[in-house]
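Chains as they are written, first to last, in our numbering: chain A, 1 to 594; chain B, 1 to 594.
A virtual CB, placed ideally from N, CA and C, is assigned to each residue, including glycine.
What you are looking at is a predicted structure, and each value in this text was computed from that prediction instead of being measured.
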């Protein structure tokens, strides 16, 4: 009596692609909130080939209104919603990986949902469909994984609600997840996002054609499409940034598209919303919308870092999740970057390997689906899947002394890690626990493409992501001059690292002093790796310390100075402590601790 | 046959305060979009006393769901929505001013709207109520003004839709407006805000109880309250910032209030929205909601600065609007600050006196109604109404030479004007066209409290608000060291001013040079008005130029140097050009032009 995808019991459930396959599970599925589904059908699609070891599989998790058709299966196939990411030679390379995408539990695109037949009654579940959670969605995917002979996903990848699924996989089945890739997502919805969902459901459930969810015996025109369309219109606004809407609708604001609709179409944005809303009712089920948004609204990894760290800690078990990749988008106000930062901070605190990038984009929440943004974050996913840059790092003059001052095998946090030259060299030398922090997006992407863990992070915020004494060594290399809240950062480094290694250019080198004293110009020098080779009016530097200045700060902060190396970058020679390094050295490296 | 406020024809229209008076206008009111209202009733309240000259009146314009009861009339009266702003001794001082607030046309709180009786049919207008605009709302207020014997408003003050009314007053009846005070408003809605309105109206108009707007003969339970409540819920989200919602609902997200409601109440935010939505239907009419939001959505002063400047230009006629005060709120995403900046930039371009402050607030759009924010912007309104600080400005060492270099009567733009010390002195000397630009909020408020026109503005953006050669003199006094995009600003100053006067501290003064050369420390000095008296790691300075550096920049930009004054700030003496001012002067003032 179980409904098979592709053989719908009525028109509403015919929304299945030609490529959708069905896995039928006859064992009852116990649900998190207490209900039981007597049996489950899971609709899914696959790309590529599972290898003999069964270890090249990647799971794609779709968002609220998505489906299993993530990518086209050939040139004649209908477009998929993530074609720019998934395919032969693409970031998720179907020539190398066996890619799986299944429709979510509760949906209406091939997997059991409120429109499926209840085997007990032989009628559609409707309002009797039991309450489900993200964990239940993942439990169905877990059954599918076993059915397909996959022991462990190389990666679980999803955006938005798909990101919630990826995070649930990582914590509920850490042994089954290689890399967890969570895009444009959050540990739980903001109260604002939750409120939008509430209103969408209110629109559906107060539609007089909703009949408490028992509307499947009605003809299409007597179903709750008005409420569903309004919910969808509302969703559409939240998926776009205000800037994107301005670009799309401001030019012809009073010239709506001439469409047939029961909704208002006075303004161009109104005709767009009416069209989107009505189109959606042709492919989606109101009960599914209610069931899935409720599952999303219930998803809750806790409030505050401690709760979040506790929720994420199962990912760290032996044989658990290898690493996380978290990506947010600057104009996403539905799943704002601060929520991704919360996840990243909790993971960093737990010593979980994690890479984080906040992609600058005008696209709002939908950015994770857009080709230009996929071109930005795609390489980060490819790197997690093993496609890494192997070119040797080009070291800078201070890098050698910095490297010498780091004990063999030490765990290292590199603040302002750039494209990862220092970390790549440390990895080459066998260091294992290495984390970089960087704020420039191209550098983050370059470092991540090397397979390094790098976190998008503004050093002026301090180091709240990291625990006391979390690293053997914290490095601040050639970065000090661009930090605003330097004293605060200095104290934070001493808190987080057992040792702190700081390399910096010496602003009191004689070349600069002479220039200034003689010429009375803001001094400039091509020494010190070019740190001071900028015109006064447009230098990126904000701070101009000498060696003596930095040593004084060490004293002021009551830190202990362990070592100091002074360099002449032109000759490459060291300057002895008795040779007035503040005058004769243009670079310095100091090692301090609390 | 005209409906009188306080004597409703049915329960729906009994929403009138005890203090609401009614002005009945029997002349037909021609409407902007072609219709005519045969007659109009205007409900309004007043506070204070109109003086004999009839020139102490202030008009308050309310927002979408507001009403004429802006403030309580006594201790026993019901609270008003702007009590913190309006009352005896408050920023809008009812001991000094005759304050008027009227209900808007199209509403349901005492002024003619869709629920009023159509005198032709004797039935409520309902769906036949003609389409109205902001200009029509203002036309009714204009009749009221004449009826009350007021020749010109001292100020027209409004937030949100009330701000639209204030802007319409300023352009449609410039001779009737002293000061235009526009808070949390815009030249037209963003496409995003427009989209929210569309969805709200769709919820109302697809409510099966709406009956095309002809529902007044139905009992309350058969009226379109479900749609109206959903529209209101949606509005509520847009009035709050995401941060404010988080603060309000995140702690007890899963503990909803136990209320009786037909709407979802699973989450605390849901029960709140349900309560707000249902409460609203007790005091508001669905047809009014549609009519007023449509008027707001049609309000459009044009796209782009040129169109906006053209729309605002009528305010500048002889005897027109004396000045504008524009205020926005940092977390207002419904009427974002950039829209207020557009208005301000257009006004500044037109040489209209305008003060602008962007108030830092977590409160979102509703911030304009909150007491802490009113405490911030209230003094700006009080200053426009004549309550200005009269303490003499305390001049700084360079101010005297700067003042001497400004020709008598010149128009002056002071960039980084601080609390307005220089501008206040210039005003004392009889200069008339004076504009300040400042980024620090307390300083903006202090300068505005002096009755100066000051614009909240980040100099790193250049000077797009201002036209070529708009000012006789542009001053950059003791500000240069904190500007990031200095070369860009320099060119912009040369474009906007016929002369540019720059005062700055000399970083190559011998005290600093000696310190640096001898001690090898980032130099520090208590000279030059304290500009260089900061530790290297936390100085607010970003740029450290010498006199020679600045003169070189003048050359690089191919600007003409007209005068240069060099000072020793300790002795107060001038340093002659032949006495090596780059070594001996700690302050300098230069006059340059393109």
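Asked	Found
Taking 8 Å as the threshold, find out whether the segment 38-50 of chain B comes into contact with the segment 103-111 of chain B through three or more Cβ pairs.	yes
Any contact of the segment 92-104 of chain A with the segment 58-74 of chain A, i.e. 3+ C-beta pairs under 8 Å?	yes
Hey, quick one: how far does the beta strand (DSSP E) through residue 159 of chain B stretch, first residue to last?	153-159
Inspect the beta-carbon positions of residue 37 of chain A and residue 130 of chain A and report whether they are closer than 8 Å.	yes
List, in order along the chain, the chain A residues whose C-beta lies closer than 7 Å to that of residue 536 of chain B?	543, 544, 545 and 549
Under 8 Å, CB to CB, which of the residues in the segment 498-528 of chain A have a partner in chain B?	507, 508, 513, 516, 517, 519, 520, 521 and 522
For residue 45 of chain B, write down the residues that DSSP places opposite it in a beta bridge.	B:101
Where DSSP assigns a beta bridge to residue 324 of chain B, which residues make up the other side?	B:180 and B:354
Alpha carbon to alpha carbon, how far is residue 438 of chain A from residue 418 of chain A?	6 Å
Restricting to Cα atoms, I'd like to know which of A:429, A:340, A:46 and A:589 is closest to residue 305 of chain A.	A:340
Could you give the distance in angstroms between the alpha-carbon of residue 10 of chain B and the alpha-carbon of residue 220 of chain B?	Reliability fails at residue 10 of chain B, whose pLDDT of 39 lies under 50, so the model's placement of it is uncertain and no value is given.
Given a limit of 8 Å on CB to CB distance, which residues of the segment 189-206 of chain A reach chain B?	190, 191, 192, 194, 195, 196, 198, 199, 201, 202, 203, 205 and 206
Excluding the 5 residues preceding and the 5 following residue 200 of chain A in the sequence, name in chain order all residues of the same chain whose CB lies nearer than 6 Å to its CB.	231 and 234
Residues of chain B with CB under 8 Å from residue 351 of chain A, in chain order?	Going along chain B, no residue has its Cβ under 8 Å from residue 351 of chain A, so there is no contact; the nearest lies around 27 Å.
Is there a C-beta anywhere in chain A that falls below 8 Å from the one on residue 486 of chain B?	yes
Using the C-alpha atoms, what's the distance from residue 47 of chain B back to residue 307 of chain A?	53 Å
Please return the same chain residues whose Cβ sits closer than 6 Å to the Cβ of residue 274 of chain B, not counting the five positions on each side in sequence.	261, 263 and 265
Measure how close the beta-carbons of residue 329 of chain A and residue 280 of chain A come, nearest whole angstrom, since I'm counting them as under 8 Å.	Their Cβ separation, rounded to whole angstroms, is 23 Å, which puts residue 329 of chain A and residue 280 of chain A out of contact at 8 Å.
In chain order, which continuous runs of the beta strand (DSSP E) of length 3 or greater are located wholly inside the segment 191-218 of chain B?	none
Just the Cα atoms here: how many angstroms apart are residue 295 of chain A and residue 106 of chain A?	9 Å
If the cut is a Cβ gap below 7 Å, which residues of chain B does residue 475 of chain A touch?	By Cβ distance, chain B contributes nothing, its closest Cβ being about 19 Å from residue 475 of chain A, past 7 Å.
Which residues, taken in chain order from the segment 427-449 of chain A, show a beta carbon closer than 7 Å to some beta carbon of chain B?	none
Would you check whether the ligand SAH has a heavy atom nearer than 7 Å to the C-beta of residue 361 of chain A?	This structure lacks the ligand SAH; in fact it carries no ligand of any kind.
Just to confirm, are residue 309 of chain A and residue 349 of chain A a CB contact at a threshold of 8 Å?	yes
Indicate whether residue 426 of chain B and residue 406 of chain B have their beta-carbon atoms separated by less than 8 Å.	yes
So, do the segment 548-556 of chain A and the segment 524-534 of chain A have three or more beta carbon pairs nearer to each other than 8 Å?	no
Let's test the definition: count the other Cβ atoms within 10 Å of the Cβ of residue 444 of chain B and tell me whether it reaches 16, buried, or not, exposed.	buried
Since residue 345 of chain B meets chain A, which of its residues come closer than 9 Å, beta carbon to beta carbon?	Per Cβ cutoff of 9 Å: no residues; residue 345 of chain B is ~17 Å from chain A at best.
Starting from the beta carbon of residue 491 of chain B, find every residue of chain A whose beta carbon is closer than 8 Å, and list them in chain order.	What residue 491 of chain B touches in chain A: nothing, since even the nearest Cβ is about 12 Å away.
Across which residues does DSSP place residue 436 of chain B in a beta bridge pair?	B:414 and B:454
Cβ of residue 125 of chain A less than 8 Å from any chain B Cβ?	no
Per DSSP, what are the beta-bridge partners of residue 118 of chain A in this structure?	A:123
Would the segment 388-395 of chain B and the segment 483-494 of chain B be scored as touching if the rule is three or more Cβ pairs under 8 Å?	no
Would you say residue 278 of chain B and residue 229 of chain B are within 8 Å of each other, going by their C-beta atoms?	yes
What did DSSP end up calling residue 371 of chain B once you bin it into helix, strand or coil?	helix
Apart from the five residues just before and just after residue 565 of chain A, which ones in its own chain have a Cβ nearer than 6 Å to its Cβ?	401 and 589
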